[in-house]
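Number 92 in numbering that gives the first Met the number 0 belongs to position 93 of the sequence shown; there are no gaps in the numbering.
Read the structure below first, then the notes.
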Amino acid sequence: MARIFCIANQKGGVGKTTTTVNLSAGLAKVGQRVLMVDLDPQGNATMGSGVDKRKLPLSVYDVLLESASVKEAAVFAEKCGYHVLGASRDLAGAEVELVALDHREKRLKLALADVHDDYDFVLIDCPPSLSLLTLNGLCSAHGVVVPMQCEYFALEGLSDLVHTIKQVHANLNRDLQIIGLLRVMFDPRITLQQQVSEQLKAHFGDKVFNTVIPRNVRLAEAPSYGLPGVVFDPSARGSVAFVEFAREMVDRTQGL
Ligand code: ADP
Ligand code: MG
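Here you go:
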């Protein structure tokens, strides 16, 4: 049975996509079968896995509208070692089209039921909003991984997301839980970041992952080569941290 996780945070630019592609590659590296789903119309996770969103014959859009199955639409990103259910530009319109349909927030969940035995992990990259697309991700998942930067407003920004997760848990998906908060783009030389990191631990306890992802320029360079950092430069500090994080995820989510 696949364990399904959303990488979510309603803020943009916090490291969701970087986390999704590098965790996918890290999990593949430690022997897990992974499907990465790109629910963000920007398609960055698709491109960042070396899959050209402009040339995709079928995408997650077709899956949401039930004109293709996950098996038909997913492609194998050979260099990365995982499958990609990519986002194409049509996905931006899906939001509007979905509103009129039955089970509009459960379409991804229903589609993924088909591939439960084919993967150990399904990771869903969510857009920076609490939209119907994100809701489809949250309804499909066993849990949420929240990447965050240790900045001044970090805790404040979390409350909307935590509220939404509680609502989805109460009304749509009893399985849903926060798996953990992942500190990303961390720079230990910045005192404020250390302070916020301590606050996070005080507030959320063991919901804060042990692994910390450092700020590392190799992770930022990798997407322009169509690769996750973990594949582009495996020895970079950021890449090593993401493989470590993959191991932590395997341990933490055992039995889910
Ligand atoms: P989101 O998906 O939440 O919008 P991204 O993953 O696209 O965020 O990250 C935003 C920007 O920060 C990107 O340019 C990305 O390359 C960069 N970035 C993300 N994580 C790191 C990191 N650990 N070190 C350096 N740059 C990073
Ligand atoms: Mg993104």
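Built from N, CA and C at the ideal position, the CB exists for glycine as well.
With contacts defined by Cβ atoms closer than 7 Å, L84 and V36 form a contacting pair. Here the alpha carbons of A73 and H82 stand approximately 6 Å from one another. Judged by DSSP in its simplified three-state form, R182 adopts strand. Nearest to E96 by alpha-carbon distance, out of G156, T210, L63, S68, is L63. Not one heavy atom of the ligand ADP sits closer than 6 Å to the Cβ of M248.
Relative to G80, the option among Q193, F231, K165, D113 whose CA is nearest is F231.
The beta carbon of D61 sits no closer than 6 Å to any heavy atom of the ligand MG.
Excluding sequence positions up to five before and after V207, its CB lies within less than 6 Å of the CB of L180, L199, K200, all in the same chain and listed in chain order. Under the Cβ criterion (8 Å, minimum of three pairs), the region 142 to 156 does not count as touching the region 217 to 229.
Using a 10 angstroms sphere on the CB of F185, the tally of other CB atoms reaches 16 or more, which defines it as buried.
Counting only runs of 4 or more residues that sit fully inside the region 46 to 119, the alpha helix (DSSP H) segments are 59 to 63, 69 to 72, 90 to 98, 106 to 111, in chain order. Counting along the chain, no beta strand (DSSP E) covers F231; the unbroken alpha helix (DSSP H) around it starts and ends at 228 to 231.
The beta carbon of Q31 lies closer than 6 Å to those of D119, F120 in the same chain, with the five residues before and after it left out.
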